[in-house]
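Residue numbers (my numbering): 16 to 433.
Here a beta-carbon is modelled for each residue, glycine too, at the ideal position from N, C-alpha and C.
Just below is one structure, and these are the notes that go with it.
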Ligand code: CA
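Right, dumping it as structure tokens:
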């Protein structure tokens, strides 16, 4: 008996990182994520190299044992290739990658796993994490030294115990065979998802009957909502009855770093490895002209979905900036109008013992004043009646400049109860 698969893969740089060091692949029988790590540039090279090496084994094998043997051999070969790369390019010392993948054969799936990327499975409405993290904190949990809840916030939760790449030991890859039952939904992810989005939220999203693609996009949305401090990669595999007729053509799709080529470039007279995006160049040559090229429809569609995602993120950022600008503009305008309004006012007061016309208002906002001497008259305050001196002390407001002069005239003619 065999099954049919409907798959989807997405990888996002997140909100904080400057490069995407995650790689992902979904093809015919093989589906995986690889989360790279290492110095400033090595992580993306490591995950891309491992992904491209291991993806070459994507094939239909006679038995799960055959599939597992080929897959494990490819993983070890990728490990050796990474070690050789570091020997040749010592600047990449310490680079490595996780690998968590599934190879389907008939109604079985071979699991291969090293590192802290994860594989979850939804079966009969139950979501289960089928892989165990090869992390320092998981070891502490296993030996009863801390609880799983404490592991989530442990300061060393990112420390990996096993990984492919530049490590002294031969890598220990967990591998076993699982049943692939129609109705199963598998989700593979890097820790950019499961490290920041709660397991209950992941489970709730996997349980929806929504298509794999929608679920992956929703999960990515959850990670972005959580701040996405790390790269996020999600690969979904829905298992269907062999007789089902899904509107889906399996096509090998690489995402994240794995979608780029590892090339040797010259920099300051030295040959260096770097990632190169062939799609960037092809779109440059394509220009604005619409041509029918050899890019498979599903890959184009994936690009469109990814472009939409980026657009949404950019729009969200833009909206935040515009909101801040709008609030600042309103506040500035308010201050400006307020200040101009005060400068249409006059009042009569005292300055250096003389009756004086002030422009503005007498009130102050902390250290900020809104008035200045407009005209200091010859009239001495001392010559005024006691009543008028009292008025002057409390400030006599004028409706305009002419009114201010009228007030002074009234003061000097001695009108009042002086
Ligand atoms: Ca990561």
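Query, Result
"What residues in its chain sit with their C-beta under 8 Å from that of residue 304, if we drop five residues either side in the sequence?", "Note that residue 304 has pLDDT 37, beneath the 50 cutoff, so the model's placement of it is unreliable and the number below is only indicative. Answer for residue 304: no residue qualifies."
"With hydrogens ignored, establish whether the beta-carbon of residue 205 is closer than 7 Å to any heavy atom of ligand 1.", "yes"
"Could you work out which residue in 21, 92, 42 is closest to residue 181 when comparing CA atoms only?", "92"
"How is the alpha helix (DSSP H) around residue 403 delimited, first residue to last?", "401-408"
"Name the two residues that bound the continuous alpha helix (DSSP H) containing residue 94.", "79-103"
"Would you mind sorting residue 110 into buried or exposed? The rule is 16 or more other CB atoms within 10 Å of its CB.", "buried"
"I'd like to check one pair, residue 35 with residue 205: are the Cβ atoms closer than 8 Å?", "no"
"Flag residue 355 as yes when its Cβ comes closer than 7 Å to any non-hydrogen atom of ligand 1, and as no otherwise.", "no"
"Confirm, please, whether the CB-CB distance from residue 411 to residue 390 is below 8 Å.", "no"
"Taking the alpha carbon of residue 384 as the point to measure from, which residue in 278, 211, 354, 95 has its own alpha carbon closest?", "354"
"Our contact map puts residue 71 next to residue 120 with C-beta atoms below 8 Å; I'd like the distance itself, whole angstroms only.", "No, residue 71 and residue 120 are not in contact; Cβ-Cβ is about 17 Å, not under 8 Å."
"Which runs of the beta strand (DSSP E) spanning at least 3 residues fall entirely within the segment 339-372, listed in chain order?", "361-366"
"If contacts are defined as beta-carbon pairs under 8 Å, then residue 42 and residue 73 qualify, I think. What distance do you get, rounded to the angstrom?", "4 Å"
"Taking C-alpha atoms, which residue in 133, 137, 138 lies nearest to residue 153?", "133"
"Could you check whether the Cβ of residue 246 sits closer than 7 Å to any heavy atom belonging to ligand 1?", "yes"
"Does any residue of chain D bring its CB to less than 8 Å from the CB of residue 213?", "Absent from the structure is chain D; it holds one protein chain and no more."
"Is it buried or exposed for residue 432, if we count other Cβ within 10 angstroms and need 16 for buried?", "The predicted position of residue 432 is uncertain, since its pLDDT is 44 and thus under 50; a value taken from the coordinates is nonetheless stated next. Exposed, since its Cβ has fewer than 16 Cβ neighbours within 10 Å."
"What residue from 291, 414, 404, 130 has the CA that sits closest to residue 60's CA?", "291"
"Restricting to Cα atoms, I'd like to know which of 263, 363, 375 is closest to residue 422.", "363"
"Give me the residue from 130, 267, 184 with the minimum Cα distance to residue 172.", "130"
"Would you report the Cα separation of residue 189 and residue 127, rounded to the nearest angstrom?", "6 Å"
"Within its chain, find whatever has a CB closer than 7 Å to the CB of residue 77; leave out the 5 residues flanking it on each side and keep chain order.", "none"
"Measuring straight from C-alpha to C-alpha, what distance separates residue 218 and residue 227?", "14 Å"
"State the DSSP-derived secondary structure class of residue 220, mapped to helix, strand or coil.", "helix"
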